[in-house]
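Student:
4 protein chains.
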Amino acid sequence: MTDVKGDRSLAPHQQADPDMFLHITRRTEKGVYVSGAKAHQTGCINSHYLLVMPTMRLGENDKDYAVVGAVPVEASGITYIYGRQSCDSRSMETGDIDVGNATYGGQEAMVIFEDVFIPNNYLFMDGEYDYAATLVERFTAYHRRSYVCKCGLGDVLIGAAAEVADMNGVPKASHIKDKLVTMTHLNETIFATGIAASHRGYPTDSGAYLPDEMLANVCKHHVTKIPFEIGRLAQDLAGGLVSTLPSEADLRQEEIGPLLQKYLRGRDDVPTENRVRILRLIENLTMGRNAVGYLTESMHGAGSPQAQRIQIARAAQLNEKKTMARTLAGIETEADKPESTPTKDGYLGRVFDLDSPQEK
Amino acid sequence: MTDVKGDRSLAPHQQADPDMFLHITRRTEKGVYVSGAKAHQTGCINSHYLLVMPTMRLGENDKDYAVVGAVPVEASGITYIYGRQSCDSRSMETGDIDVGNATYGGQEAMVIFEDVFIPNNYLFMDGEYDYAATLVERFTAYHRRSYVCKCGLGDVLIGAAAEVADMNGVPKASHIKDKLVTMTHLNETIFATGIAASHRGYPTDSGAYLPDEMLANVCKHHVTKIPFEIGRLAQDLAGGLVSTLPSEADLRQEEIGPLLQKYLRGRDDVPTENRVRILRLIENLTMGRNAVGYLTESMHGAGSPQAQRIQIARAAQLNEKKTMARTLAGIETEADKPESTPTKDGYLGRVFDLDSPQEK
Amino acid sequence: MTDVKGDRSLAPHQQADPDMFLHITRRTEKGVYVSGAKAHQTGCINSHYLLVMPTMRLGENDKDYAVVGAVPVEASGITYIYGRQSCDSRSMETGDIDVGNATYGGQEAMVIFEDVFIPNNYLFMDGEYDYAATLVERFTAYHRRSYVCKCGLGDVLIGAAAEVADMNGVPKASHIKDKLVTMTHLNETIFATGIAASHRGYPTDSGAYLPDEMLANVCKHHVTKIPFEIGRLAQDLAGGLVSTLPSEADLRQEEIGPLLQKYLRGRDDVPTENRVRILRLIENLTMGRNAVGYLTESMHGAGSPQAQRIQIARAAQLNEKKTMARTLAGIETEADKPESTPTKDGYLGRVFDLDSPQEK
Amino acid sequence: MTDVKGDRSLAPHQQADPDMFLHITRRTEKGVYVSGAKAHQTGCINSHYLLVMPTMRLGENDKDYAVVGAVPVEASGITYIYGRQSCDSRSMETGDIDVGNATYGGQEAMVIFEDVFIPNNYLFMDGEYDYAATLVERFTAYHRRSYVCKCGLGDVLIGAAAEVADMNGVPKASHIKDKLVTMTHLNETIFATGIAASHRGYPTDSGAYLPDEMLANVCKHHVTKIPFEIGRLAQDLAGGLVSTLPSEADLRQEEIGPLLQKYLRGRDDVPTENRVRILRLIENLTMGRNAVGYLTESMHGAGSPQAQRIQIARAAQLNEKKTMARTLAGIETEADKPESTPTKDGYLGRVFDLDSPQEK
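Structure follows, in structure tokens:
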């Protein structure tokens with residue numbers, strides 16, 4: 625979905641280079657050809673098909689940019705350029721400690737399309753620019769709600785922080801217990817707002833359910849902040865070693881290894897290597913390869929913070945709330961009354977179950 | 625529920641005065657007599673019956689304090705002492721503006737019991753001290769989840785803030801729109817965490833459903849902070865007039881009134897009195913009578929902040945999270961492994977739907 | 625200084641009513657006559673003279689609004705309209721407890737000028753509209769730095785919160801000690817940023833010293849948030865009684881008084897009245913008369929939050945910082961270089977003591 | 625200074641391995657021999673001499689741990705073990721872009737002492753365990769105040785974030801300007817609290833000046849949080865590319881290079897490589913080698929957050945503040961009065977210039 629966008633102050637058709645947004649370059653009877661590039665595609669190389677979609681509201685002049693279609697990942701004309709991640713080359717080193725998490729990781733790639741063919745039967749939007757905004761909003765409602773996944777990473781980081789405090793010998797210090805509660809409270813806030821977005825979902829006329837867009841955006845907006853705070857607290861509990869630990873090679877080295885075994889020990893009954901492993905996991909999640917997914921992607925995936933704020937503003941129904949305030953304040957004049965439409969269609973209508981499917 | 629507690633570092637039976645917690649003073653064949661006092665009883669005077677319950681974990685020596693029973697509000701031996709609220713005497717003044725919200729308010733009273741009789745058929749706990757903690761935890765799960773009600777007050781305050789910005793002539797300033805989004809994001813976080821606590825509710829053996837206690841505590845803990853931040857932002861948007869406005873009496877006064885009509889005007893098409901009314905509503909919710917309910921009660925009702933943190937710590941299952949972290953870090957030794965019991969009984973078991981009713 | 629402003633989206637000369645900003649209505653050989661109103665004037669009634677000044681940047685069409693002059697408080701044509709404060713009428717009740725702080729308080733009034741005469745020798749600006757912005761900026765640098773005064777109120781509130789925790793019997797609970805540290809850290813941040821603004825002050829050509837405007841704005845901007853957080857924490861430590869306490873009249877009443885003496889007692893060696901008095905002081909500072917000064921005035925006095933953000937943006941010298949970043953990033957092309965002027969004149973010049981008076 | 629500490633719940637002499645804290649192992653007429661290890665020594669390899677000091681309060685049984693002395697970095701018996709940093713191996717790659725900051729970086733090492741000799745004339749403490757706490761407190765007052773250095777890194781990161789917003793074509797979006805103001809406000813808070821700690825410094829009897837310990841701790845405590853928030857906001861302004869950028873090798877590659885030149889372009893007049901360089905600098909400061917210094921070291925250097933909270937609590941003079949509150953609340957009884965000593969010696973004495981050097 626994410627076009628590279630070029631100069632962000634300009635619409636697709638205004639860009640100096642038309643390829644800054646993916647678009648149709650040529651049509652045949654059998655289908656269309658598209659060019660452009662999609663950035664930050666998480667997991668694209670593990671997929672079978674790519675589905676291209678517009679990334680934002682389009683106008684009449686952006687008609688060629690209003691294209692949705694599917695292509696196999698190995699289609700002719702596609703180039704994948706693998707993104708670097710923090711500490712990526714550790715994955716190629718000997719050993720399994722310094723990498724932090726030897727089993728799991730991810731990848732992002734830039735996907736470049738040069739006259740890639742989409743056959744008609746895989747073409748789902750072709751020029752209907754006025755539906756682009758709705759498409760993006762509905763897609764992002766699903767996508768933003770799905771960011772509840774980050775609380776799984778949060779669980780691991782909370783566990784790692786609790787474990788390192790234990791290994792350091794200070795699991796009972798009140799400030800440590802308190803920080804673990806803060807981390808948990810924040811992490812479960814992501815979980816709860818995501819769950820609520822689904823619980824308050826509602827069907828379109830087709831019968832397909834959409835998550836509640838207000839709550840989906842509330843969820844994702846928390847995700848742009850909370851993992852950073854959990855990460856900060858994990859580094860607090862870890863202690864400075866999390867970023868000054870020597871290498872695994874040194875730990876295994878004949879002369880230096882025993883010195884490190886001795887001096888990196890925390891609580892006496894904990895093997896030094898265990899402590900090192902937990903610290904490297906925390907480094908991995910807060911600065912290394914998985915920090916890309918836990919922090920930066922939490923910020924920008926499914927839309928950067930400002931994108932959620934725009935959607936929250938749209939769903940907020942301020943005029944309805946102004947009317948409530950006026951009534952309670954005893955304002956009876958109509959002259960300056962806001963144009964309020966407390967109907968069943970908006971967020972408040974759903975909250976108060978005005979004509980909701982649950983109530984029928 | 626809330627006993628007056630005396631010296632909070634001491635258990636009920638250790639207090640210098642035994643009446644600091646409500647307790648049984650005498651038994652007859654027909655029932656028991658209780659003495660003590662319950663503080664902060666919101667709405668007690670509008671009720672038909674009072675239900676007394678212990679307010680915390682009890683030990684063997686606190687047996688007489690383990691009492692649950694119902695009494696009619698007019699039972700002999702009960703004294704109600706009405707609490708003062710900020711700006712309470714404005715309700716007795718002439719006019720309906722300065723009070724801020726002339727229609728709605730609330731009251732808290734201290735309820736003093738002096739040998740009040742509870743008949744056996746209205747006596748639901750009598751000495752079972754070891755159930756007191758469970759009773760309190762279950763009750764507070766319901767009670768804390770119910771604090772989602774504060775987002776209704778939040779809606780009104782957001783509406784009032786949006787309306788006053790409008791009346792001041794600056795509704796489109798980006799920082800004002802941004803603050804309204806922040807207020808909405810915070811307010812909906814309360815709503816979402818409360819809804820999630822119910823959605824994740826589960827039945828006890830009796831068939832009665834309990835809200836999820838982790839999420840109910842997450843919800844209430846947000847309520848101890850978010851209304852204060854929404855209140856602060858409402859005062860920001862209101863401008864300084866919210867606490868320097870002259871009295872309604874001056875507004876109605878023959879000579880001063882016209883001066884105020886002229887100088888308190890904001891946008892030209894908004895009647896001055898409307899602006900004054902909205903500002904008084906904001907004062908009412910952030911400093912006046914309804915601030916008691918919106919702020920202080922949000923802090924302490926259903927348990928002060930630390931009470932939720934204790935419950936969140938209990939539900940957090942840190943050992944299970946430590947085990948996840950150890951696995952991902954590649955720790956294989958068993959020596960220092962935490963005693964983890966990833967069973968269906970705890971919060972994580974419910975999250976992963978291990979044997980949950982929904983999955984059956 | 626603070627004009628009533630009318631429709632805030634319009635300049636002084638664009639207002640429907642010209643009196644929304646104080647301005648010259650008529651000139652004679654001996655002086656000028658001014659009309660308009662100044663809102664929120666703290667302490668004006670205790671003063672000997674009033675000094676009127678413009679409240680914002682003025683343009684050529686606002687020439688009559690560019691007026692600075694002094695008038696005695698009792699000058700002909702001035703009307704003072706006293707502002708209400710939260711809980712103001714408690715000051716007129718019998719007793720000295722419910723008022724919270726029987727000795728100190730403040731007042732704000734609206735000051736209305738109807739053709740008030742300013743003689744030439746007390747007229748310090750007369751039409752020099754292009755100096756209005758500089759005048760306001762310099763004045764607000766002093767005024768914003770002076771808001772360091774709020775940490776005196778913070779000290780009292782921290783003391784009251786510590787004292788009530790003590791009286792409740794829980795001064796040693798780790799979460800209480802931790803909250804007192806947070807309150808202190810926040811309060812001293814106000815103090816430190818204010819002190820730094822003075823320490824980094826510098827002389828104008830006249831020899832008069834100005835506080836550093838960046839740091840003065842940093843200080844005041846903290847003041848728009850920190851007292852609200854300290855107030856929230858004080859209410860946390862106080863417990864719910866802070867807003868459900870019965871009245872002093874009940875405490876003194878023959879029948880009810882002894883009941884309250886008994887049930888409002890905390891730690892056994894603390895007289896009940898002492899505990900009530902501390903709670904009323906906390907109410908006074910967080911919801912009552914002194915909350916007007918500690919909270920609302922902290923928000924809006926010397927400029928609302930957004931006003932400081934504008935000044936911080938002006939002083940931030942982003943182009944100089946961009947140039948630093950480009951150098952460290954190894955960017956050598958000049959094409960797109962920002963227009964940076966790392967001179968002695970701006971904030972960074974003063975920080976690095978380029979030509980500062982201290983260095984000479 | 626920082627010993628490796630072993631089990632943090634135990635004093636030095638209680639550790640299973642006595643070398644967990646550096647200590648005297650043997651004495652001769654000419655000096656002492658010490659063993660142990662110092663962790664996280666920033667820049668140690670660039671130094672001429674090492675100065676060893678105790679890292680915390682010591683008791684009578686810790687006498688051998690009360691040692692201060694200087695040794696040349698090349699002294700016999702010292703082993704340096706270099707710490708890994710996030711993305712460290714990028715410094716060994718070809719090219720100068722991916723490293724983020726090709727010119728500046730730092731290093732931390734663990735320094736192991738095995739019977740290292742300290743001659744008597746370089747031995748400054750030898751067994752005076754009861755001075756260890758004072759030594760640590762005074763040293764940390766200097767050290768914590770010195771963390772004001774992090775606002776230099778903050779300036780660079782603010783500049784980089786402003787520059788990347790510019791290159792993306794959106795420097796004027798209100799939310800971007802607003803975030804740059806927030807970053808500046810936070811960054812200058814570090815500067816101001818550090819400056820204030822020095823300005824409020826005072827001489828010991830020797831004439832040597834100490835920074836004010838309250839304000840030095842307030843400064844460092846901000847440093848444990850603010851860089852993380854500035855870093856988060858920089859990643860927000862950077863966009864997702866900050867962690868999905870392809871490698872410099874790809875940028876230079878014959879076939880892929882031109883594709884990247886085309887698709888990574890932002891604003892049309894900005895060379896793509898410039899944009900890449902700024903993004904890599906942001907990665908370097910928020911996840912890479914300099915994140916170690918800007919984030920993790922800001923957290924733990926000169927003492928982890930809890931260490932500052934302990935010092936703030938010590939300096940807070942709560943009893944003096946309780947007394948202020950009691951006076952204003954009208955409490956006249958002496959019975960339960962806190963033991964207040966409002967003397968010239970504490971922080972408040974210095975604030976109110978009771979007998980301060982400035983006042984003499």
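Residue numbers (the numbering used here), protein chains in the order written: chain A, 625 to 984; chain B, 625 to 984; chain C, 625 to 984; chain D, 625 to 984.
Ideal placement from N, C-alpha and C gives every residue a C-beta, glycine not left out.
Model, not experiment: these values are computed from the prediction.
(1) Go ahead and pull the three-state DSSP assignment for D/Q932.
(2) Would you mind reading off the limits of the beta strand (DSSP E) that contains C/G693?
(3) Can you tell me whether B/H637 is helix, strand or coil according to DSSP?
(4) In chain order, which continuous runs of the alpha helix (DSSP H) of length 4 or greater are located wholly inside the segment 877-933 of chain C?
(5) Straight-line CA distance for C/I860 to C/R899?
(6) Residues of the segment 777-806 of chain A with a CB closer than 8 Å to any CB of chain E: list them in chain order, please.
(7) Could you check what DSSP says for D/M644 in three-state terms: helix, strand or coil?
(8) Just by C-beta distance, which residues in the segment 866-896 of chain B are closer than 8 Å to chain C?
(9) Would you verify that the beta carbon of A/G724 is, or is not, closer than 7 Å to some beta carbon of chain D?
(10) Are D/A663 and D/M734 touching if we call contact CB-CB under 7 Å?
(11) Do you know whose CA, among B/A915, B/G783 and B/G970, lies nearest C/G864's CA?
(12) Does D/L682 come out as helix, strand or coil in the three-state DSSP assignment?
(13) Between the Cα of B/E837 and the Cα atoms of B/G970, B/E787, B/T848 and B/R904, which residue gives the shortest distance?
(14) So which residues of chain D does A/G852 contact, with C-beta pairs closer than 7 Å?
(15) Does any residue of chain B have a CB that is nearer than 7 Å to the CB of C/P860?
(16) Taking the CB atoms as reference points, tell me whether A/L883 and A/P870 lie closer together than 7 Å.
(17) So is D/D720 in contact with chain C if we call contact Cβ pairs under 7 Å?
(18) Distance check for B/K801 and D/K803, CA to CA, integer angstroms please.
(19) Have a look at C/G855 and C/L781 and give me their C-alpha separation to the nearest angstrom.
(20) By the three-class DSSP mapping on this structure, what secondary structure does C/Y728 have?
(21) Under a three-way DSSP split, which group does B/A939 fall into?
(22) I'd like to know whether the C-beta atoms of A/H809 and B/V847 end up nearer to each other than 7 Å.
(23) When the Cα atoms are used, what is the spatial distance from A/M677 to D/Q877?
(24) By the DSSP assignment, the beta strand (DSSP E) with D/G660 in it spans what residues?
(25) In the DSSP assignment, what residue or residues form a beta bridge with A/F741?
(26) Where do the N-terminal and C-terminal ends of the alpha helix (DSSP H) with A/T808 fall, by residue?
(27) I want to verify the contact list: residues of chain C whose CB lies under 8 Å from the CB of D/H672, in sequence order.
(28) Output needed in chain order: residues of the segment 917-943 of chain C with a Cβ under 8 Å from some Cβ in chain B.
(29) Alpha carbon to alpha carbon, how far is B/E853 from C/N908?
(30) According to DSSP, simplified to helix, strand and coil, what is C/L869?
(31) Do D/F741 and D/S659 have their beta-carbon atoms positioned less than 7 Å apart in this structure?
(32) Output the distance between the C-alpha atoms of A/Q935 and A/A765, rounded to the nearest integer angstrom.
(33) Going along the chain, which residues of its own chain have a beta-carbon closer than 7 Å to the beta-carbon of B/V894, five neighbours each way excluded?
(34) Which residue comes first and which comes last in the beta strand (DSSP E) that contains A/V842?
(35) So, does the CB of D/M911 fall closer than 7 Å to a CB anywhere in chain A?
(36) Which residues in the same chain have their Cβ closer than 8 Å to the Cβ of A/G707, if we skip the five residues on either side of it in sequence?
Tutor: The structure says:
(1) By one-based count along the fourth sequence, residue 932 of chain D stands at place 308. Of the three classes helix, strand and coil, the one that applies to D/Q932 here is helix, per DSSP.
(2) Here residue 693 of chain C is taken as the residue at index 69 of the third sequence, counted from 1. Counting along the chain, the beta strand (DSSP E) containing C/G693 begins and ends at V691 to P696.
(3) Against the second sequence, residue 637 of chain B aligns to sequence position 13. In the three-state scheme derived from DSSP, where H, G and I count as helix and E and B as strand, B/H637 is classed as helix.
(4) Complete alpha helix (DSSP H) runs here, min 4: 880-887, 896-910 and 921-924.
(5) On the third sequence, position 236 is the one that residue 860 of chain C refers to. On the third sequence, position 275 is the one that residue 899 of chain C refers to. The question names Ile, but residue 860 of chain C is Asp in the sequence shown. Rounded to the nearest angstrom, the two C-alpha atoms are 15 Å apart.
(6) This model lacks chain E altogether, as its protein chains are A, B, C and D.
(7) Numbered from its first residue, the fourth sequence carries residue 644 of chain D at position 20. Secondary structure of D/M644 (DSSP, three-state): helix.
(8) The segment 866-896 of chain B vs chain C, Cβ under 8 Å: V866, S867, T868, L869, P870, S871, D874, I880, L883, L884, K886, Y887, L888, R889, G890, R891 and D892.
(9) Counting from 1 along the first sequence, the entry for residue 724 of chain A is found at position 100. Not closer than 7 Å to any Cβ of chain D, the Cβ of A/G724 fails to qualify, so no.
(10) Counted from its first residue, the fourth sequence places residue 663 of chain D at position 39. Counted from its first residue, the fourth sequence places residue 734 of chain D at position 110. Result yes, Cβ atoms of D/A663 and D/M734 sit closer than 7 Å.
(11) Working through the third sequence from its first residue, we reach residue 864 of chain C at position 240. Per the Cα distances, B/A915.
(12) Walking along the fourth sequence from the start, residue 682 of chain D turns up at place 58. Coil at D/L682, not helix or strand.
(13) The residue you call residue 837 of chain B lines up with position 213 of the second sequence. Cα-wise, what sits closest to B/E837 is B/G970.
(14) Your numbering for residue 852 of chain A matches position 228 in the first sequence. According to the sequence shown, residue 852 of chain A is Phe rather than Gly. F852 and R856, listed in chain order.
(15) Counting from one through the third sequence, the residue named residue 860 of chain C turns up at place 236. Looking at the sequence itself, residue 860 of chain C is Asp, so the reference to Pro does not match. Yes, C/D860 counts as interfacial toward chain B.
(16) By one-based count along the first sequence, residue 883 of chain A stands at place 259. By one-based count along the first sequence, residue 870 of chain A stands at place 246. Judged by beta-carbon spacing, A/P870 lies beyond the 7 Å limit of A/L883, meaning their Cβ atoms are not closer than that value.
(17) As a working note, residue 720 of chain D is residue 96 in the fourth sequence. Output row for D/D720: interface = yes.
(18) Sequence index remark: in the fourth sequence, residue 803 of chain D carries index 179 (1-based). Sequence index remark: in the second sequence, residue 801 of chain B carries index 177 (1-based). Looking at the two C-alpha atoms, the distance is approximately 15 Å.
(19) To locate residue 855 of chain C, count along the third sequence from 1; it is residue 231. To locate residue 781 of chain C, count along the third sequence from 1; it is residue 157. Those two C-alpha atoms are separated by around 8 Å.
(20) Residue numbering aside, residue 728 of chain C sits at position 104 when the third sequence is read from its first letter. Of the three classes helix, strand and coil, the one that applies to C/Y728 here is coil, per DSSP.
(21) What you label residue 939 of chain B is simply residue 315 of the second sequence in a count that begins at 1. Here B/A939 sits in helix by DSSP.
(22) Counting from 1 along the first sequence, the entry for residue 809 of chain A is found at position 185. Counting from 1 along the second sequence, the entry for residue 847 of chain B is found at position 223. Going by C-beta atoms, A/H809 is not nearer than 7 Å to B/V847.
(23) Translated into positions along the first sequence, residue 677 of chain A becomes position 53. Translated into positions along the fourth sequence, residue 877 of chain D becomes position 253. A/M677 and D/Q877: Cα-Cα distance of roughly 29 Å.
(24) Mapped onto the fourth sequence, residue 660 of chain D falls at position 36. Secondary structure note for D/G660: its beta strand (DSSP E) is the uninterrupted segment G655 to T666.
(25) Counting from 1 along the first sequence, the entry for residue 741 of chain A is found at position 117. Under DSSP, A/F741 forms a beta bridge with A/Y657.
(26) Locating residue 808 of chain A in the first sequence gives position 184, where the first residue counts as 1. S798 to H823 is the span of the alpha helix (DSSP H), which, as asked, contains A/T808.
(27) Taking the first residue of the fourth sequence as 1, we reach residue 672 of chain D at position 48. For D/H672, no chain C residue has a Cβ inside 8 Å of its Cβ, as the nearest lies near 27 Å away.
(28) Within the segment 917-943 of chain C, contact with chain B at the beta-carbon level (separation under 8 Å) is assigned to L919, T920, E921, M923, H924, G925, S928, P929, Q930 and R933.
(29) Position 229 of the second sequence holds residue 853 of chain B. Position 284 of the third sequence holds residue 908 of chain C. Distance between the alpha carbons of B/E853 and C/N908 is about 19 Å.
(30) Indexing the third sequence from 1 puts residue 869 of chain C at position 245. In the structure shown, C/L869 sits in coil (DSSP, three-state: anything other than H, G, I, E or B).
(31) Position 35 of the fourth sequence, counted from the start, is the residue given in the question as residue 659 of chain D. Position 117 of the fourth sequence, counted from the start, is the residue given in the question as residue 741 of chain D. No, these two residues do not count as a Cβ contact at 7 Å.
(32) Sequence index remark: in the first sequence, residue 935 of chain A carries index 311 (1-based). Sequence index remark: in the first sequence, residue 765 of chain A carries index 141 (1-based). Each residue's alpha carbon lies about 10 Å from the other.
(33) As a first step, residue 894 of chain B must be located in the second sequence, where it is residue number 270. So the list reads M791, once near-sequence residues are dropped.
(34) As a working mapping, residue 842 of chain A is identified with position 218 in the first sequence. Bounds of any beta strand (DSSP E) do not take in A/V842; it lies within the alpha helix (DSSP H) bounded by E837 to V847.
(35) Taking the first residue of the fourth sequence as position 1, residue 911 of chain D is located at position 287. Yes, D/M911 lies at the interface with chain A (some Cβ there is under 7 Å from its Cβ).
(36) The residue labelled residue 707 of chain A in the question sits at position 83 within the first sequence. Only H664, Q731, E732, A733 and M734 meet the Cβ criterion.
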